[in-house]
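Novice: If you use the working numbering, the sequence shown corresponds to residues 1 to 141, in order.
For glycine and all other residues, C-beta sits at the position ideal for the given N, C-alpha and C.
Nothing here was measured: the structure is a model prediction, and the numbers come from that model.
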Amino acid sequence: MWGELIQEVRVAQTGVQILFGFLLTVVFTPRYASLEDVDRAIYIVTVVLGACATGALIGPVSLHRLVSGRRVKSQAVTWASRMTFVGLMLLLATMTSALLLILRVATHDGYVPYLVTGVLVWYLVFWFGVPLWTRHRYSSR
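Here it is as structure tokens:
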């Protein structure tokens, strides 16, 4: 199970690191100075969420490195799985928050919360709904 978990983490790590790297550059753009206070607050929350998601998704790699050869693989897999789940939840929050910020800055329209909510539901369906349905449907036989 360790190998499968690490492969899953690699996929999520790449996405969160690219998103986090992008977020770190925003503050250095000329447009940042003209953001409204609410948009700056959303940006700060988004950056903190991205940092936390990055930490949680890199955590399993560090865990593996520090406990490798200590005969605690089953416990390491359990903890790494938990870190990965927390990382995915933080990634979900980061992506939703980043989308909210980008759409607010790009459009200033009242339909932005509805778009963001729609995308959040989309994420929830494909990240959690379909996997849970699949687990229920095929492991009950």
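Please classify residue 64: does DSSP put it in a helix, a strand, or coil?
Specialist: The residue labelled residue 64 in the question sits at position 64 within the sequence shown. DSSP places residue 64 in helix when its eight states are reduced to three.
Novice: Rounded to the nearest angstrom, how far is the Cβ of residue 26 from that of residue 32, given a contact under 8 angstroms?
Specialist: Sequence index remark: in the sequence shown, residue 26 carries index 26 (1-based). Sequence index remark: in the sequence shown, residue 32 carries index 32 (1-based). Confirmed, Cβ separation roughly 6 angstroms.
Novice: So for residue 109, helix, strand or coil by DSSP?
Specialist: As a first step, residue 109 is located in the sequence shown; it is residue number 109 there, counting from the start. In this structure, residue 109 counts as coil in the three-state DSSP scheme.
Novice: Could you give the distance in angstroms between the alpha-carbon of residue 142 and the alpha-carbon of residue 111?
Specialist: Residue 142 lies beyond the residue range present for the chain, which begins at 1 and ends at 141; the question has no answer from this structure.
Novice: How should residue 117 be labelled, buried or exposed, when 16 other C-beta atoms within 10 angstroms of its C-beta is the threshold for buried?
Specialist: Taking the sequence shown and counting its residues from 1, one reaches residue 117 at position 117. Flag for residue 117 reads exposed.
Novice: For residue 86 and residue 58, what's the separation of their Cα atoms in angstroms?
Specialist: Looking up residue 86 in the sequence shown gives position 86. Looking up residue 58 in the sequence shown gives position 58. The alpha-carbon atoms of residue 86 and residue 58 are separated by roughly 11 angstroms.
Novice: Tell me which residues share the same chain as residue 20 and place their Cβ nearer than 7 angstroms to its Cβ, disregarding the 5 neighbours each side in the sequence.
Specialist: Position 20 of the sequence shown, counting from 1, holds the residue named residue 20. The answer, listed in chain order, is 50, 51, 54.
Novice: Between the alpha carbons of residue 75 and residue 1, how many angstroms are there, rounded?
Specialist: Looking up residue 75 in the sequence shown gives position 75. Looking up residue 1 in the sequence shown gives position 1. Their backbone Cα atoms lie some 12 angstroms apart in a straight line.
Novice: Comparing C-alpha positions only, which one of 48, 68, 77 sits nearest to residue 97?
Specialist: Reading the sequence shown from its first residue, position 97 is the one you call residue 97. Out of 48, 68, 77, 48 has the C-alpha closest to the C-alpha of residue 97.
Novice: According to DSSP, is residue 104 part of a helix, a strand, or is it coil?
Specialist: Mapped onto the sequence shown, residue 104 falls at position 104. DSSP places residue 104 in helix when its eight states are reduced to three.
Novice: At 4 residues or longer, what runs of the alpha helix (DSSP H) sit wholly inside the segment 31-92?
Specialist: Correct list: 37-67.
Novice: Pop quiz: residue 41 and residue 91 are said to be a contact at Cβ under 8 angstroms. What is the actual Cβ separation, rounded to whole angstroms?
Specialist: Sequence index remark: in the sequence shown, residue 41 carries index 41 (1-based). Sequence index remark: in the sequence shown, residue 91 carries index 91 (1-based). The Cβ separation is near 20 angstroms, so there is no contact.
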